[in-house]
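Have a look at the structure below, then the notes.
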Amino acid sequence: MKKRMFGTRLTGLALAASLAVGALSGCGAKTEAKAPAADGVTVVKVGTGNNAAPFCYLDEDGNPVGYDLDVLKELDKRLEQYKFDIQTMDFSTLVVSIDSGSIDMLSHQLVKSEARKEKYLFPDEYYCLSPMSLCVRSDSGITSMADLAGKTMEQNPSAYEYQMMMAYNEAHPGNEVEIIGVSDQSTADSYKKVSNGQVDAALTYKATYDSVMDDLGITNLTLTDVVMCEDTYMMFAKDQAELGGGKPGDERNEGGWDARRNLEEMVRRGRCFYLLCGYGCDFSGIRMILPL
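Going by the numbering used here, the sequence shown opens with residue 545, and the numbers climb by one from there.
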């Protein structure tokens, strides 16, 4: 029987065998498979976030919880030949860790940007949508991205949302949003800055907004309708392409194909949608993760 590992801190990260990822996009590097342990189970170092409710965060007892954690645990349970060692850390640390080889894959509501596809591998199947709204002052008059022209917003330059906003500005010359770079700022602090007028808006999720606002007690903020929406994916280090003995894109690659097939099945049969509903996510009016 497979034993699963779920860590709660970035401690003692070591090199480990990794998940076979079949049909990954951007495959090009030739790599060698890492051998499984004597019991035939391959350990996979998995990184996820600790401050992005409701997707990946720590509960009151410091335990990792969230939709991303639930999907990882479900996928781990289905893949008997693998054992996930899940570590939670700041987003910037996740990127450093996958670049250094300390983790093999990460799950943090990531979108396939062109820059990321050059550097990392992504499965074909998304596991969630990333519908984002704007947290704004109730008296701001801001209801859409168009209303943000000439106004301010903070973003972490290492986050995909920063690239999204850069792309938005490039597509809307003369109506750009002023993006202020910040590093590892909590969602609560970003909302507080909107509330006190330091910035005009924060790009956020409805479920995150509902969760954080319950604790803040701020009464002068509101949330707009969805203004941006992207598919989100798990992300793998580029040297993981041929692990498991198969070749990238080869559906006969038992390990990689099995991982991709199970994730795809979870989405199509509504398992991911069921898990997401547990966090009160409301994606009304947009394409949702539904069984086909």
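We put the CB at the ideal spot given by N, CA and C, even for glycine.
- Under the criterion of beta carbons closer than 8 Å, residue 820 and residue 677 do not qualify as touching, at roughly 16 Å.
- Residue burial is scored here from C-beta neighbours: residue 690 has fewer than 16 other C-beta atoms within 10 angstroms and is therefore classed as exposed.
- For residue 626, the three-state secondary structure derived from DSSP is strand.
- When DSSP states are grouped into helix, strand and coil, residue 617 belongs to the helix group.
- When only Cα atoms are considered, residue 781 and residue 658 end up about 15 Å apart.
- Taking all protein chains in view, the Cβ of residue 815 is crowded by 16 or more other Cβ atoms within 10 Å, so the residue is classified as buried.
- Look at residue 671 here: in three-state DSSP terms it is coil, with no helix or strand label.
- Residue burial is scored here from C-beta neighbours: residue 621 has fewer than 16 other C-beta atoms within 10 angstroms and is therefore classed as exposed.
- The three-state reading of DSSP puts residue 736 in helix, counting H, G and I together.
- Buried is the label assigned to residue 610, since at least 16 other Cβ atoms lie within 10 Å of its Cβ.
- Boundaries of the alpha helix (DSSP H) harbouring residue 706: 704-715, taken from the DSSP string.
- Taking the Cβ atoms as the reference, residue 752 lies roughly 7 Å from residue 598, within the contact range of under 8 Å.
- Here residue 662 is exposed: its Cβ has fewer than 16 other Cβ atoms, across all protein chains shown, within 10 Å.
- Only exposed fits residue 760, as fewer than 16 other CB atoms lie within 10 angstroms of its CB.
- Residue 704 and residue 608 have their C-alpha atoms roughly 22 Å apart.
- With a 10 Å radius around the Cβ and a threshold of 16 neighbouring Cβ atoms, residue 724 comes out exposed.
- In chain order, 772 place their CB closer than 7 Å to the CB of residue 708, counting only its own chain and leaving out the 5 sequence neighbours on each side.
- Residue 637 has its alpha-carbon roughly 18 Å from the corresponding atom of residue 665.
- Collapsing the DSSP output to three states places residue 607 in coil.
- Exposure of residue 742 is indicated by the presence of fewer than 16 other C-beta atoms within 10 angstroms of its C-beta.
- Within the same chain, Cβ atoms closer than 7 Å to the Cβ of residue 734 are found at 698, 746, the five residues on either side in sequence being excluded.
- No residue range can be given for residue 666, since it is assigned to no alpha helix (DSSP H) and is classified by DSSP as neither H nor E.
- Under the three-state reduction of DSSP output, residue 649 falls in the strand class.
- Between residue 655 and residue 629, the beta carbon gap of about 25 Å keeps them out of contact (Cβ cut-off 8 Å).
- Judged by pairs of C-beta atoms under 8 Å, the segment 711-719 does not touch the segment 646-655, as fewer than three such pairs exist.
- Listed as beta-bridge partners of residue 751 by DSSP are no residues whatsoever.
- Nearest C-alpha to residue 602 among 809, 748, 755, 688: 755.
- Only residues of its own chain outside the window of five on either side were considered, and among them none has a CB closer than 6 Å to the CB of residue 757.
- Spatial neighbours of residue 762 in its own chain (CB-CB distance under 6 Å, excluding positions within 5 residues in sequence) are listed in chain order as 739.
- As the crow flies, the alpha-carbon of residue 770 is around 6 Å from that of residue 675.
- Counting the other CB atoms within 10 Å of its CB gives residue 594 a total of 16 or more, which places it among the buried residues.
- By the Cβ-count criterion, residue 591 is buried, with 16 or more other Cβ atoms from all chains shown falling within 10 Å of its own Cβ.
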